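Engineer:
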Amino acid sequence: MVHPLDWLVVLLYFAFIIGVGLRTGRDNRGIEDYFLAKRSMPWWAIGLSVMATQASAITLVGTTGQGYVDGMRFIQIYFGLPIAMVILCMTLVPFFYRARVYTAYEFLEQRFDGKTRSLTSFLFLLSRGLSDAVVIYAPSVVLSIVFGMDEKVLILAIGLGATIYTAFGGMRAVMWTEVWQMLIIFLGMVFCLGSVVVGLPDSLSLGSALRIVGTTGRLATVDFNPDPRVTYTFWTGLVGGIFLMLSYFGCDQSQVQRYLTGSSLAQSRMSLLFNALLKIPMQFIILLTGAMLFVFYQFEKPPVVFNRVELAKLEASSHAGQYRELARQYDEAFEERRQAAETLAAADGPSEAIAQTEFLAADVKLGRARRDVGELIAEMNGAPFNDTNYVFPTFVLTYLPAGIVGLILVAIFAAAMSTVESELNSLSTATIVDFYKRYVTTSAPDQHYVVAGRIATVVWGGFATFGALYMGRLGSAIEAVNRIGSFFYGSILGVFVLAIATRRATGRGAFWGLAAGMAAVYLTSEYSEISYLYYNIVGCVVVVIVGYLISLSSPEKRA
Amino acid sequence: MRAEPDQVENARRTNAHPDDPPPVFGSWGRFYAVVIANTLVVYLLLFLFSHFFRP
Chain A
681 MVHPLDWLVV LLYFAFIIGV GLRTGRDNRG IEDYFLAKRS MPWWAIGLSV MATQASAITL
741 VGTTGQGYVD GMRFIQIYFG LPIAMVILCM TLVPFFYRAR VYTAYEFLEQ RFDGKTRSLT
801 SFLFLLSRGL SDAVVIYAPS VVLSIVFGMD EKVLILAIGL GATIYTAFGG MRAVMWTEVW
861 QMLIIFLGMV FCLGSVVVGL PDSLSLGSAL RIVGTTGRLA TVDFNPDPRV TYTFWTGLVG
921 GIFLMLSYFG CDQSQVQRYL TGSSLAQSRM SLLFNALLKI PMQFIILLTG AMLFVFYQFE
981 KPPVVFNRVE LAKLEASSHA GQYRELARQY DEAFEERRQA AETLAAADGP SEAIAQTEFL
1041 AADVKLGRAR RDVGELIAEM NGAPFNDTNY VFPTFVLTYL PAGIVGLILV AIFAAAMSTV
1101 ESELNSLSTA TIVDFYKRYV TTSAPDQHYV VAGRIATVVW GGFATFGALY MGRLGSAIEA
1161 VNRIGSFFYG SILGVFVLAI ATRRATGRGA FWGLAAGMAA VYLTSEYSEI SYLYYNIVGC
1221 VVVVIVGYLI SLSSPEKRA
Chain B
0 MRAEPDQVEN ARRTNAHPDD PPPVFGSWGR FYAVVIANTL VVYLLLFLFS HFFRP
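See below:
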């Protein structure tokens, strides 16, 4: 259970962050103030805000768990990011900045027509509106199970807490709270890695610890396998990653809106380059924490599975007998692996190869027992079982002192809220600027749109929180819509490529090209086995080719 | 090779408002080159890290 001191840290965090949000957002006098912080933000604040938006709570706990379970190869997914940032700085960012737009999709109307703008903006609202519920729900479930908190209270705290100051303070409140939240996340990450390293046995050097985890292949961060079906490789990460990041940072309002707040084009560019330099090292630290946790659990017995609620259900089920036998095998395997790890840590020269082989055999045995228990839980529930997200929070609660637990809890809350508030703010902006101001009330005083923006934020915040509360029942429907959402990321990128790379493309070409791109991605996902990271390339290329050809044959007036 | 008319037009639009130089490295081209070079170094370091602690 959580110590009162940790609760105090959490309460102080909520009071502080809501206070910062309300204070920094109190001077909104117009639409540019409310949605774009009056285009006055410095690059470092935008850069931290971009990182905070991207780092959700599940990124923090899930990626650490990924490092523990699967190792560090996941880092390759970010290999395309720095190059994508440079491409964006050279291409889309100057266009957005000079067009003086509020949303990325507004630019498409300037270049094409209203229907292309409305369609792309609608697709954004659909995918982000639903993903916001997931962003609130996923960490709430994990924290409720590991820390014994009430899931509904957590959902309300994250969802409503973020909605209050986002609705009141708009973009300025969002960005300044994100600056603090990102600093808290950084601090939390350093504490996480430090806590794991300090928790290792005194006799174990850092080099020996890395050697133990390296033996299992978990420190492999570069894999040159050219197979396009494998996601975590250098080539998929580089090529697919470039398109993924171009799509996300170039066409997703929740990111574009951040760098539109720059006080100059140079500030906007600097914020993206700041990300280009920091993102991979940051992910390295998170994954390394998970990998070092693997070493920690060589000498401290980990639970056979990290989701204690599912384990309790298993113990009370008809599978209890099978579980007890597997748990006995697991205990034996753990003892065997602990001894093998100690031997490996002390091994030198020719004895090292033998020690490595013995250690790997013991690790496989332990992994088999753990996998068998997982399969038993899956059989009991009739659904796949995965406890990756529970690994790190379980460690935090079990081994860290009061106060530090609170700090790491706060980092998880900060990660969740920073993503939620950005999405709420961008959803509100797209709703008001691309639809309300475009079709409903086209000419009203600035203050009218600020009020409308606040109402839209509250509606979206309520929708996301309500969706999260009922996620258990709506889960599969939301998952289906999220999956469809992944079909149009690359396709929307294709529309932007048409917009800036060619003068001949027309609105009609862009619109039907977008439809063709989404269909092509759907067919690719159904009938091929290539990694999902390549879907964005398929979508983008099909949109550009089809859109350009339709534009050439279109009688419509060229843009 | 001659530039396509649309490329010329886009270049004209992009360069219509001269940009502030970056606070470091003198020009944006040089800044981008530094970011790419840094990225290549990161790839290399990660490769060496993988290689050094390989099974």
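Residue numbers (this note's numbering), protein chains in the order written: chain A, 681 to 1239; chain B, 0 to 54. In this text, a Cβ means the ideal position worked out from N, Cα and C, and glycines have one as well. None of the values given here were measured: they were computed from a predicted structure.
Find the nearest neighbour of Phe-1176 of chain A within the set A:Cys-931, A:Thr-913, A:Val-876, A:Ser-811, judged by alpha-carbon distance.
Structural biologist: A:Cys-931
Engineer: Count the other CB atoms within 10 Å of the CB of Val-989 of chain A; is the residue buried (16 or more) or exposed (fewer)?
Structural biologist: exposed
Engineer: For Glu-1101 of chain A, I'd like the list of residues in its chain whose CB is within less than 6 Å of its CB, leaving aside the five on either flank, ordered along the chain.
Structural biologist: Ala-842, Thr-846, Val-854
Engineer: Per the DSSP calculation, Phe-942 of chain A is bridged to which residue(s)?
Structural biologist: The amino acid occupying residue 942 of chain A in the given sequence is Gly; Phe does not appear at that position. Under the DSSP definition of a beta bridge, Gly-942 of chain A partners with A:Met-721.
Engineer: Is the beta carbon of Ser-948 of chain A sitting closer than 8 Å to the one on Tyr-777 of chain A?
Structural biologist: Between Ser-948 of chain A and Tyr-777 of chain A, the C-beta gap is smaller than 8 Å, which places the two residues in contact.
Engineer: For the stretch 23-46 of chain B, enumerate the residues whose C-beta is nearer than 8 Å to any C-beta of chain A, in chain order.
Structural biologist: Trp-27, Phe-30, Tyr-31, Val-34, Ile-35, Asn-37, Thr-38, Val-41, Tyr-42, Leu-45, Phe-46
Engineer: Which runs of the beta strand (DSSP E) at least 3 residues long sit entirely within the stretch 862-932 of chain A? Give them in chain order.
Structural biologist: none
Engineer: Checking contacts by CB at 8 Å: is Ala-735 of chain A closer than that to chain B?
Structural biologist: With 8 Å as the cut-off, Ala-735 of chain A does not count as an interface residue toward chain B.
Engineer: If I follow the unbroken alpha helix (DSSP H) through Leu-772 of chain A, where does it start and stop?
Structural biologist: 772-779
Engineer: Can you tell me which of A:Leu-1077, A:Ser-944, A:Ile-1225 puts its alpha carbon nearest to the alpha carbon of Pro-20 of chain B?
Structural biologist: A:Ser-944
Engineer: In whole angstroms, give me the CA-to-CA distance for Val-859 of chain A and Ile-726 of chain A.
Structural biologist: 8 Å
Engineer: Would you call the stretch 1224-1234 of chain A in contact with the stretch 1175-1189 of chain A, where contact means no fewer than 3 C-beta pairs closer than 8 Å?
Structural biologist: Counting Cβ pairs under 8 Å, three or more are found: they touch.
Engineer: Quick one: residues in its chain with C-beta nearer than 6 Å to the C-beta of Glu-1022 of chain A, no 5 flanking neighbours on either side, listed in chain order?
Structural biologist: none
Engineer: Leu-1257 of chain A and Thr-941 of chain A: beta carbons closer than 8 Å?
Structural biologist: Because chain A here runs from 681 to 1239, residue 1257 of chain A falls outside it and cannot be looked at.
Engineer: If we define contact as Cβ-Cβ less than 8 Å, is Met-925 of chain A a contact residue for chain B?
Structural biologist: no
Engineer: If the cut is a Cβ gap below 7 Å, which residues of chain B does Arg-891 of chain A touch?
Structural biologist: Under the 7 Å cutoff, chain B gives Phe-52.
Engineer: Could you give the residue range of the alpha helix (DSSP H) that holds Thr-796 of chain A?
Structural biologist: For Thr-796 of chain A, the uninterrupted alpha helix (DSSP H) run begins and ends at 794-827, by DSSP.
Engineer: What residues from chain B crowd round Thr-895 of chain A, counting only those whose CB sits closer than 7 Å?
Structural biologist: Pro-54
Engineer: Give the straight-line distance between the Cα atoms of Ala-10 of chain B and Leu-772 of chain A, rounded to the nearest whole angstrom.
Structural biologist: Unreliable placement is indicated for Ala-10 of chain B, whose pLDDT of 47 sits below 50; the coordinate value is still reported in the next sentence. Rounded to the nearest angstrom, the two C-alpha atoms are 12 Å apart.
Engineer: Can you tell me which of the three DSSP states Leu-1080 of chain A falls into?
Structural biologist: If DSSP states are grouped into helix, strand and coil, Leu-1080 of chain A belongs with coil.
Engineer: Specify the secondary structure class of Gly-841 of chain A as computed by DSSP and reduced to three states.
Structural biologist: helix
Engineer: Indicate the three-state DSSP secondary structure (helix, strand or coil) for Lys-981 of chain A in the structure shown.
Structural biologist: coil
Engineer: So which residues on chain B does Pro-762 of chain A lean against when the C-beta distance must stay under 9 Å?
Structural biologist: In chain order: Val-34, Ile-35, Asn-37, Thr-38, Val-41.
Engineer: List the residues of chain B whose Cβ lies closer than 7 Å to the Cβ of Thr-1186 of chain A, in chain order.
Structural biologist: The contacting residues do not exist; Thr-1186 of chain A stays about 13 Å from chain B at best.
Engineer: Determine the direct distance from the alpha carbon of Leu-924 of chain A to that of Tyr-42 of chain B, and round the result to whole angstroms.
Structural biologist: Within the model, the alpha-carbon separation for Tyr-42 of chain B versus Leu-924 of chain A is close to 19 Å.
Engineer: Output needed for Ser-26 of chain B: all residues of its chain with C-beta closer than 8 Å, excluding positions within five of it in sequence on either side, in chain order.
Structural biologist: Pro-20
Engineer: Please tell me whether Val-1266 of chain A and Val-822 of chain A are closer than 8 Å, where the distance is taken between their beta carbons.
Structural biologist: Chain A is shown from 681 up to 1239; residue 1266 of chain A falls before or after that span and cannot be answered.
Engineer: What is the rounded straight-line gap between the Cα of Gly-1193 of chain A and the Cα of Phe-1143 of chain A?
Structural biologist: 32 Å
Engineer: If I'm right that Gly-1133 of chain A touches Ser-1106 of chain A with Cβ under 8 Å, what's the distance once you round it to whole angstroms?
Structural biologist: Between Ser-1106 of chain A and Gly-1133 of chain A the Cβ distance is about 11 Å, and since that is not below 8 Å, they are no contact.
Engineer: Quick check: Ser-811 of chain A and Ile-835 of chain A, are their CB atoms within less than 8 Å of each other?
Structural biologist: No. Outside cutoff.
Engineer: If you reduce the DSSP assignment to three classes, tell me which class Arg-1134 of chain A lands in.
Structural biologist: helix
Engineer: Figure out for me which residue from A:Ala-695, A:His-683, A:Arg-709, A:Phe-694 has the closest Cα to the Cα of Tyr-1129 of chain A.
Structural biologist: Each of A:Ala-695, A:His-683, A:Arg-709, A:Phe-694 was checked against the Cα of Tyr-1129 of chain A, and the nearest Cα belongs to A:Arg-709.
Engineer: Within the 8 Å Cβ cut-off, does Met-731 of chain A reach chain B?
Structural biologist: Chain B, which has no Cβ nearer than 8 Å to the Cβ of Met-731 of chain A, makes this no.
Engineer: Please work out which residues of its chain come closer than 8 Å, Cβ to Cβ, to Arg-719 of chain A, disregarding the five sequence neighbours upstream and downstream, and give them in chain order.
Structural biologist: Glu-712, Leu-940, Thr-941, Gly-942, Ser-943.
Engineer: If you check the beta carbons only, do Tyr-1169 of chain A and Gly-917 of chain A fall under 8 Å apart?
Structural biologist: Taking 8 Å as the cut-off, the Cβ atoms of Tyr-1169 of chain A and Gly-917 of chain A do not count as close.
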